[in-house]
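Everything on this sheet refers to the single structure shown next.
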Amino acid sequence: MSDAGVPVALLPAGARGWLAEAVAAGGGRLVDPAEVEKAITPETILISVMLANNEIGTIEPIADIAKIAQQRKVVMHTDAVAATGIIPVDVQKLGVNLLSLAANQFYGPAGVGALYIRKGTPIWPLIDGGLQENKRRAGTENLIGIVGMGAAAEAARIEMPERLPRIQGLKNRLAKALIERIPEIKINGHPTQCLPHLFSVSVEYIEGESLVMMLDEEGIIVATRSNASSLTVSPTFQA
Numbered sequence: 003m004s005d006a007g008v009p010v011a012l013l014p015a016g017a018r019g020w021l022a023e024a025v026a027a028g029g030g031r032l033v034d035p036a037e038v039e040k041a042i043t044p045e046t047i048l049i050s051v052m053l054a055n056n057e058i059g060t061i062e063p064i065a066d067i068a069k070i071a072q073q074r075k076v077v078m079h080t081d082a083v084a085a086t087g088i089i090p091v092d093v094q095k096l097g098v099n100l101l102s103l104a105a106n107q108f109y110g111p112a113g114v115g116a117l118y119i120r121k122g123t124p125i126w127p128l129i130d131g132g133l134q135e136n137k138r139r140a141g142t143e144n145l146i147g148i149v150g151m152g153a154a155a156e157a158a159r160i161e162m163p164e165r166l167p168r169i170q171g172l173k174n175r176l177a178k179a180l181i182e183r184i185p186e187i188k189i190n191g192h193p194t195q196c197l198p199h200l201f202s203v204s205v206e207y208i209e210g211e212s213l214v215m216m217l218d219e220e221g222i223i224v225a226t227r228s229n230a231s232s233l234t235v236s237p238t239f240q241a
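When we follow this note's numbering, the leftmost residue of the sequence shown carries the number 3, and every step to the right adds one.
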């Protein structure tokens with residue numbers, strides 16, 4: 003996500019389908035709940051905000067935005083894929099109607115995910131024709147994947163209290179060393195409201211791919227972008 007990131011989507015009904023309106027992130031890449039409220043119209047039916055960004059790690063004020071959505075009677079969804087299994091995620095504290103997650107993010111099987119739906123939230127079926135998943139998605143469930151996701155989620159919950167301080171300490175150590183030794187470095191995302199295991203920086207005066215190759219020769223693995231952005235080139239690397 004760039005400085006003008008668009009982590010919020012407001013969807014009013016249009017004559018030919020659905021129209022999306024984006025609310026840009028401000029300083030520190032945080033979404034301002036007040037700006038979200040300003041963008042809501044009588045036609046708005048859904049607000050969707052990432053709980054945590056998968057590239058720069060910023061954790062958004064979801065609970066505050068969800069309170070606004072509740073007051074305005076708009077369904078609130080959060081993409082918690084990057085956060086679930088890494089930090090505590092409580093749907094009751096967040097106050098959202100919908101929350102999505104993916105098992106592979108916390109060492110579960112790839113290709114399996116889940117959607118939390120608060121009771122009373124209207125949802126159209128993704129695939130009609132069967133009674134599976136409370137009539138929301140017809141077709142045989144991936145039982146092995148579902149069981150694997152549950153086991154991985156339980157393991158992540160048990161290990162989290164011990165793992166969080168360790169990975170946060172490693173991140174803090176890396177950040178301190180880079181800032182002290184490289185004046186041309188800039189930390190991407192919010193400095194404190196951020197995932198404990200993800201560290202993203204920009205380095206001035208050097209092209210990203212060149213930096214990756216030089217670090218690779220030293221046995222250091224970094225990336226210039228997410229897997230979903232493999233066709234773009236950026237001078238940003240993540241460690």
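No residue lacks a Cβ here, since even glycine has one placed at the ideal position from N, Cα and C.
Straight across, the Cα-Cα distance linking G152 with I222 is about 33 angstroms.
The C-alpha of L213 lies about 16 angstroms from the C-alpha of F201. The C-alpha of K40 lies about 46 angstroms from the C-alpha of D218. Counting along the chain, L176 sits inside the alpha helix (DSSP H) bounded by residues L145 to R183.
Closest by C-alpha distance to G115, out of V98, G122 and I146, is I146. Distance from the CA atom of R165 to the CA atom of T46, rounded to whole angstroms, is 40 angstroms. Our two residues, G87 and R120, have alpha carbons roughly 20 angstroms apart in a direct line.
By the criterion of a C-beta distance shorter than 8 angstroms, P90 is surrounded in its chain by M162, once the five residues flanking it on both sides are discounted. Collapsing the DSSP output to three states places V91 in coil. Within the same chain, and ignoring the five residues on either side of P185 in sequence, no residue has its Cβ closer than 6 angstroms to its Cβ. Considering only V25, V83, D66 and I160, the residue with the shortest C-alpha distance to N106 is V83.
Taking a contact to require three or more Cβ pairs closer than 8 angstroms, the segment 92-103 and the segment 133-143 do not qualify as touching. In terms of Cα proximity to P124, the closest of K75, W20, L103 and L21 is K75.
For L213, the enclosing alpha helix (DSSP H) begins and ends at G210 to E219.
Residue pairing by DSSP places L100 opposite H79 and I119 in a beta bridge. When H199, N136 and I64 are compared, the shortest CA-CA separation from Q170 is found for H199. With 16 or more other Cβ atoms inside 10 Å of its own Cβ, E57 counts as buried. Under the three-state reduction of DSSP, R31 is assigned to helix.
For A24, the secondary structure class from DSSP, reduced to helix, strand or coil, is strand.
In the assembly as shown, I160 is an exposed residue. Its beta-carbon has fewer than 16 other beta-carbons within 10 Å.
Only residues of its own chain outside the window of five on either side were considered, and among them P63, D66, I67 and I70 have a CB closer than 7 angstroms to the CB of P35, listed in chain order. Around the beta carbon of A54, 16 or more other beta carbons sit within 10 angstroms, so the residue counts as buried. For I189, the enclosing beta strand (DSSP E) has its first and last residue at I187 to I189.
Between the beta-carbon of V93 and that of Y109 there is about 21 angstroms, and that puts the pair past the 8 angstroms contact cut.
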